[in-house]
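Quick note, the sequence shown lines up with residues 12 to 154 if you use the numbering used here.
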Amino acid sequence: MPVRTLRAPRNAVPGLSGRAAELLQRADAELVAAQFSSEPWEQFTHAHLAALRAGAAVLSERQPLSGRRAPRTVWELLDSVAPELGRWSSYFAAGAGLRAAVDAGRFDAVSAERAEQVLCHAEDFLDIVRAELEDAAGEVRAG
Numbered sequence: 012m013p014v015r016t017l018r019a020p021r022n023a024v025p026g027l028s029g030r031a032a033e034l035l036q037r038a039d040a041e042l043v044a045a046q047f048s049s050e051p052w053e054q055f056t057h058a059h060l061a062a063l064r065a066g067a068a069v070l071s072e073r074q075p076l077s078g079r080r081a082p083r084t085v086w087e088l089l090d091s092v093a094p095e096l097g098r099w100s101s102y103f104a105a106g107a108g109l110r111a112a113v114d115a116g117r118f119d120a121v122s123a124e125r126a127e128q129v130l131c132h133a134e135d136f137l138d139i140v141r142a143e144l145e146d147a148a149g150e151v152r153a154g
């Protein structure tokens, strides 16, 4: 099994809305919880929630709130407002069914390998999201 280093929560990205900064902090907290989880299902759930919160941070910065629409998932919305993150949204959307199974009490549905894989991908996704949001905030400050 690979050796993991613990990820310390990062500081907020300058120039972000309060909502996006809060979502990134919550994503960091979920990653820390995933790293400390001893059960695969718990690690998977925290990692998937971290990715969900990171995706929501992108949406909060790029998608203005408007009138009522048909419900859509974060991953569907992310595809439309941040197509450059489409590979990531597809990956995490594919794990939503497994997370629903775990939420329903099927704790044996997640292997240790799958939990570790999702955690690694969630860490990478959060790094990419943070870089994207930093770049966008920098452009706004420079403009």
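Ideal Cβ placement from N, Cα and C applies to all residues, glycine included.
Predicted model, so just to flag it, every value in this text is computed and none were measured.
Per-residue DSSP class, three states only, for residue i
i: Leu27; result: coil
i: Gln128; result: helix
i: Arg110; result: helix
i: Val121; result: coil
i: Ala40; result: helix
i: Ala115; result: coil
i: Leu137; result: helix
Residue i: first and last residue of the uninterrupted alpha helix (DSSP H) it sits in
i: Ser71; result: Pro51 to Arg73
i: Ala104; result: Gly97 to Ala105
i: Ser4; result: In the structure as shown, the chain starts at 12 and stops at 154, and residue 4 therefore has no counterpart that could be examined.
Distance between beta carbons of residue j and residue i, contact taken as under 8 Å
i: Arg64; j: Arg30; result: Not quite, the Cβ-Cβ distance comes to about 11 Å (not below 8 Å), so this is no contact.
i: Val121; j: Leu109; result: 6 Å
i: Leu144; j: Glu72; result: 6 Å
i: Ala126; j: Gln54; result: 4 Å
i: Ala68; j: Leu35; result: 5 Å
Nearest candidate by alpha-carbon position, reference residue i, set the options
i: Val129; options: Pro51, Ala32, Leu70 and Glu87; result: Pro51
i: Val43; options: Ala133, Val113 and Trp86; result: Ala133
i: Ser100; options: Ala107, Trp86 and Val113; result: Trp86
i: Gly116; options: Leu137, Ala147 and Thr56; result: Thr56
i: Glu95; options: Val140, Leu60 and Ala40; result: Val140
Neighbour flag for residue i against chain B, beta carbons, 9 Å
i: Phe136; result: Among the chains in the structure shown there is no chain B, since it carries only a single protein chain.
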